[in-house]
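Quick note, the sequences are listed as chains X and H, same order.
If you're matching positions, the first sequence starts at 2 in the numbering used here and goes up one per residue.
If you're matching positions, the second sequence starts at 519 in the numbering used here and goes up one per residue.
Cβ atoms here follow ideal geometry from the backbone N, Cα and C, with glycine treated the same way.
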Amino acid sequence: EAGVAQSPRYKIIEKRQSVAFWCNPISGHATLYWYQQILGQGPKLLIQFQNNGVVDDSQLPKDRFSAERLKGVDSTLKIQPAKLEDSAVYLCASSLGGVEETQYFGPGTRLLVL
Amino acid sequence: SQKIEQNSEALNIQEGKTATLTCNYTNYSPAYLQWYRQDPGRGPVFLLLIRENEKEKRKERLKVTFDTTLKQSLFHITASQPADSATYLCALDAAGGSYIPTFGRGTSLIVHP
């Protein structure tokens, strides 16, 4: 079974630029999560999708971050414009979609904002 | 406010010993708690889930306990090996039963040969 795919793996941008990350979850997984993990901290949930609907986006900085999950499969997370404090690893995870479901994480995208 | 606490200091132990990691939480009433392993440059990998009505769960060399009175979970690795060296994260579902996971910052385990 293929795992969660993410691209790019690394990205370096200047502040105020835009960036987009892509995630392809495990086939058949209804729930998709985007997390931000700052160095030395645990993953922080940004947004959770159930199929292509948003379950929770309470911690997503909506003035600069946006995410979509078209057709309930792939997802993109965008930052526009980026700030220095956005430097982090952005993790995508997916699960089958029930409660207590195990999450399967992708390798993450490491973003550095200069 | 809700808080999950894991020891920020690395745990150093000798190969063959039992490693014990702690996860404390406040202002939560979690329905379940999960433990994940994270290696450098990789995403977390699920290890074990324990529900609020379970006291203990085992999987091979791993054991997790869950004390809802103390608001604490202990994660044990018996007969530890250098390959067990990693960061271990605990995660709880958010209060209110919305099943939105919240992670602790993790504890780094270093097993010395």
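Pick from the options that is closest to residue i, judged by C-alpha positions
| i | options | result |
| --- | --- | --- |
| H:L551 | X:E15, X:R111, X:Q104, X:I48 | X:Q104 |
| X:L78 | X:Y36, X:L61, X:L97, X:A68 | X:A68 |
| H:K610 | H:P548, H:Q524, H:P600 | Just to set this straight, residue 610 of chain H is Leu in the shown sequence, not Lys. The shortest C-alpha separation from H:L610 is found at H:P548. |
| X:R62 | X:D75, X:G43, X:A83 | Correcting the residue type first, residue 62 of chain X is Pro in the shown sequence and not Arg. When each option's Cα is compared against that of X:P62, the closest is X:A83. |
| X:R65 | X:L92, X:L33, X:L47 | X:L47 |
| X:V74 | X:Q37, X:P44, X:R111, X:L33 | X:L33 |
| X:N52 | X:A31, X:A21, X:P44 | X:A31 |
| X:L113 | X:A94, X:K72, X:E86, X:G43 | X:E86 |
| H:L529 | H:T620, H:F621, H:P619, H:I595 | H:I595 |
| H:T544 | H:K589, H:A601, H:T625 | H:K589 |
| H:Q626 | H:D557, H:T605, H:G561 | Reading off the sequence, residue 626 of chain H comes out as Ser, not Gln. Of the candidates H:D557, H:T605, H:G561, the one whose C-alpha sits nearest the C-alpha of H:S626 is H:T605. |
| H:P631 | H:K577, H:R569, H:P600 | H:P600 |
| H:I522 | X:Q18, X:K45, X:Y36, X:A6 | X:K45 |
| X:P9 | X:F50, X:F106, X:Y91 | X:Y91 |
| H:E502 | H:T540, H:S603, H:F593 | Missing from the structure shown is residue 502 of chain H; chain H here goes from 519 to 631 and no further. |
| X:G107 | X:L71, X:R17, X:Q38, X:L115 | X:Q38 |
Chain-ordered neighbours of residue i on chain X, where CB pairs are closer than 7 Å
| i | result |
| --- | --- |
| H:I618 | L46, Q49, D57 |
Interface flag, residue i vs chain H, CB-CB below 8 Å
| i | result |
| --- | --- |
| X:P108 | yes |
| X:T77 | no |
| X:Q104 | yes |
Contact with chain X by residue i, beta-carbon distance below 8 Å
| i | result |
| --- | --- |
| H:F621 | yes |
Residue i beta carbon near the ligand NAP (any heavy atom closer than 7 Å)
| i | result |
| --- | --- |
| H:Q520 | The ligand content of the structure shown is nil, which means the ligand NAP is not present either. |
Closer than 7 Å at the beta carbon, the chain H residues around residue i
| i | result |
| --- | --- |
| X:L92 | G561 |
Listed by chain order, chain X residues near residue i by CB distance under 8 Å
| i | result |
| --- | --- |
| H:L607 | G43, P44 |
Minimum Cβ-Cβ distance from residue i to chain A less than 8 Å
| i | result |
| --- | --- |
| X:Q7 | The structure shown contains no chain A; its protein chains are X and H. |
Q) Which residues, taken in chain order from the region 520–552 of chain H, show a beta carbon closer than 9 Å to some beta carbon of chain X? A) Residues of the region 520–552 of chain H whose Cβ lies closer than 9 Å to any Cβ of chain X, in chain order: I522, Q524, S526, A549, Y550, Q552.
**Q.** Interface positions of the region 17–49 of chain X facing chain H (Cβ-Cβ less than 9 Å), listed along the chain
**A.** From the region 17–49 of chain X, only Y34, Y36, Q38, G41, Q42, G43, P44, K45, L46, Q49 have a Cβ closer than 9 Å to chain H.
(Q) Please give the ranges of any beta strand (DSSP E) in the region 520–555 of chain H, keeping only runs that are unbroken, at least 3 residues long and fully inside the region. (A) For the region 520–555 of chain H, the continuous beta strand (DSSP E) assignments of 3+ residues that do not extend past its boundaries occur at 521–524, 529–532, 537–544, in sequence order.
Q.
Output needed in chain order: residues of the region 558–580 of chain H with a Cβ under 8 Å from some Cβ in chain X.
A. Within the region 558–580 of chain H, the residues whose Cβ lies closer than 8 Å to any Cβ of chain X are, in chain order, G559, R560, G561, P562, V563, F564, L567, R569.
Q.
Just to confirm the assignment: which complete beta strand (DSSP E) runs, minimum length 3, are found wholly within the region 50–81 of chain X?
A. Complete beta strand (DSSP E) runs here, min 3: 54–57, 66–69, 76–80.
Q: May I have a chain-ordered list of the beta strand (DSSP E) segments no shorter than 3 residues that lie completely inside the region 560–618 of chain H?
A: 563–569, 574–577, 580–585, 590–595, 604–611, all fully within the region 560–618 of chain H.
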